[in-house]
Amino acid sequence: MSHHPLHLGVEEVASFNRQLSGESAETVIEWANDYFDHHMVVTSSFGDATLAHLAWSVSPLIEVVLLDTQFLFQETLAFARDIEHRSGGKLTIVQPEGISPDVELWKLDTDACCAIRKVAPLERLLEGRHAWMTGLRRDDSTTRATTQVIELDPFRDVIKINPIAAWTDADVASYKLRHGLPDNPLTSQGYASIGCWPCTRPVEPGADPRSGRWAGQDKTECGLHEPRVSRVSVTTR
284 MSHHPLHLGV
294 EEVASFNRQL
304 SGESAETVIE
314 WANDYFDHHM
324 VVTSSFGDAT
334 LAHLAWSVSP
344 LIEVVLLDTQ
354 FLFQETLAFA
364 RDIEHRSGGK
374 LTIVQPEGIS
384 PDVELWKLDT
394 DACCAIRKVA
404 PLERLLEGRH
414 AWMTGLRRDD
424 STTRATTQVI
434 ELDPFRDVIK
444 INPIAAWTDA
454 DVASYKLRHG
464 LPDNPLTSQG
474 YASIGCWPCT
484 RPVEPGADPR
494 SGRWAGQDKT
504 ECGLHEPRVS
514 RVSVTTR
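For the sequence shown, the positions run 284 to 520 when our numbering is used.
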């Protein structure tokens, strides 16, 4: 039976977080799938296979979505299809509306580009949904160090579920090894965090994995995981 997130207050969300924080990722996903059913969506950037494989291992009916900005690496798109095939799940690919792949807005304003190509499609995707599952990990970067397993995202009126929030890089590597999962082909080329090709660079070994995203800018996030009040309006300079 599904529930509307407005029926879950801050205290209830905190209670679920306490209950589930020490549980396995599979247990968290099973709870979320039972609780929210088809009102939940999972988004994966397919920088690696972990979240999608976990979700589809619990149920191949869980909806996993790749937000295709129209500037994803071809390797990422092919990798996502490969994981879909291996896992027996069904991948949904969502593209932005109202902007052509030929419009290189990233050259003028990367925040505006992300807002149109990633954030707006996500918000359309979440309309009518009650829960959003992500692959955020505290290990990803300092900006994600306080990520909770169960959170309230009041800006989008959904419960945000981060089943691998506490996983380390070693946990991810162990999971991939145990299940024989391949890496995104770009990983072997030095890409530690993989986004769109115009704004993603390889990083030196040992460097912050996200330092290759929007290299040379202060920007560290695309806006998917930030309050909308902090996002710029879509303008061109």
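C-beta atoms are modelled at their ideal positions from N, C-alpha and C, and glycine is treated no differently.
Nothing here was measured: the structure is a model prediction, and the numbers come from that model.
- Query: What is the rounded straight-line gap between the Cα of ASP365 and the Cα of THR333?
  - Reply: By 1-based counting over the sequence shown, the position of residue 365 is 82. By 1-based counting over the sequence shown, the position of residue 333 is 50. C-alpha separation (whole angstroms): 13 Å.
- Task: Could you check the C-alpha separation between THR470 and ASP351 for me, to the nearest Å?
- Result: On the sequence shown, position 187 is the one that residue 470 refers to. On the sequence shown, position 68 is the one that residue 351 refers to. Their Cα atoms are separated by approximately 19 Å.
- Bridge-paired residues (DSSP) for ILE433: To locate residue 433, count along the sequence shown from 1; it is residue 150. Per DSSP, ILE444.
- DSSP bridge partner residues for THR425 (one or two, in chain order): Locating residue 425 in the sequence shown gives position 142, counting from the first residue. Looking at the DSSP assignment, THR425 forms no beta bridge with any residue, so it has no partner.
- Hey, which unbroken runs of the beta strand (DSSP E) at 3 residues or more fall wholly within the segment 326–403? 347–350, 374–377
- Burial state of VAL293, where buried means 16 or more other Cβ atoms lie within 10 Å: For this step, residue 293 is matched to residue 10 along the sequence shown. Classification for VAL293: exposed.
- Message: Using C-beta distances below 7 Å, list every residue in its chain close to PRO384, excluding the 5 sequence neighbours before and after it, in chain order.
- Response: Here residue 384 is taken as the residue at index 101 of the sequence shown, counted from 1. These residues qualify, in order along the chain: GLN353.
- Which partner residues does ALA414 have in the DSSP bridge list? Mapped onto the sequence shown, residue 414 falls at position 131. DSSP lists MET323, ILE442 as partners of ALA414.
- Item | Validate contact between the segment 294–302 and the segment 325–343 using beta carbons, cut 8 Å, 3 pairs | no
- Item | Inter-residue spacing [alpha-carbon to alpha-carbon] between ILE312 and MET416 | In the sequence shown, the residue the question calls residue 312 occupies position 29. In the sequence shown, the residue the question calls residue 416 occupies position 133. Spanning the two alpha carbons is a distance of roughly 9 Å.
- Task: Return the first residue and the last residue of the alpha helix (DSSP H) that LYS300 is part of.
- Result: Residue 300 sits at position 17 when you count from the first residue of the sequence shown. Reading the sequence as shown, one finds Asn at residue 300 and not Lys. Counting along the chain, the alpha helix (DSSP H) containing ASN300 begins and ends at 293–303.
- For TRP497, name the three-state secondary structure that DSSP assigns. Within the sequence shown, the letter at position 214 stands for residue 497. Confidence is the limiting factor: at TRP497 the pLDDT is only 49, short of 50, which leaves the residue's position unreliable and the question unanswerable from this model.
- Message: Among the candidates LEU291, GLN472, LEU405, whose CA atom is the shortest distance from the CA of PHE319?
- Response: Position 36 of the sequence shown, counted from the first residue, corresponds to residue 319. Comparing Cα positions, the closest option is LEU291.
- Message: Can you give me the C-alpha to C-alpha distance between SER424 and GLY371, rounded to a whole angstrom?
- Response: The residue you call residue 424 lines up with position 141 of the sequence shown. The residue you call residue 371 lines up with position 88 of the sequence shown. Approximately 31 Å, taken between the alpha carbons.
- Task: Pick out whichever of LEU360, ALA398, ASP440, TRP450 has its Cα sitting closest to the Cα of VAL432.
- Result: For this step, residue 432 is matched to residue 149 along the sequence shown. VAL432 has its Cα closest to that of TRP450, out of LEU360, ALA398, ASP440, TRP450.
- Query: For THR483, does the three-state DSSP call read helix, strand or coil?
  - Reply: Counting from one through the sequence shown, the residue named residue 483 turns up at place 200. In this structure, THR483 counts as strand in the three-state DSSP scheme.
- Item | Residue closest to LEU344, alpha-carbon to alpha-carbon, out of GLU358, GLY463, VAL325, ASP331 | Reading the sequence shown from its first residue, position 61 is the one you call residue 344. Taking only the C-alpha atoms, the option nearest LEU344 is VAL325.
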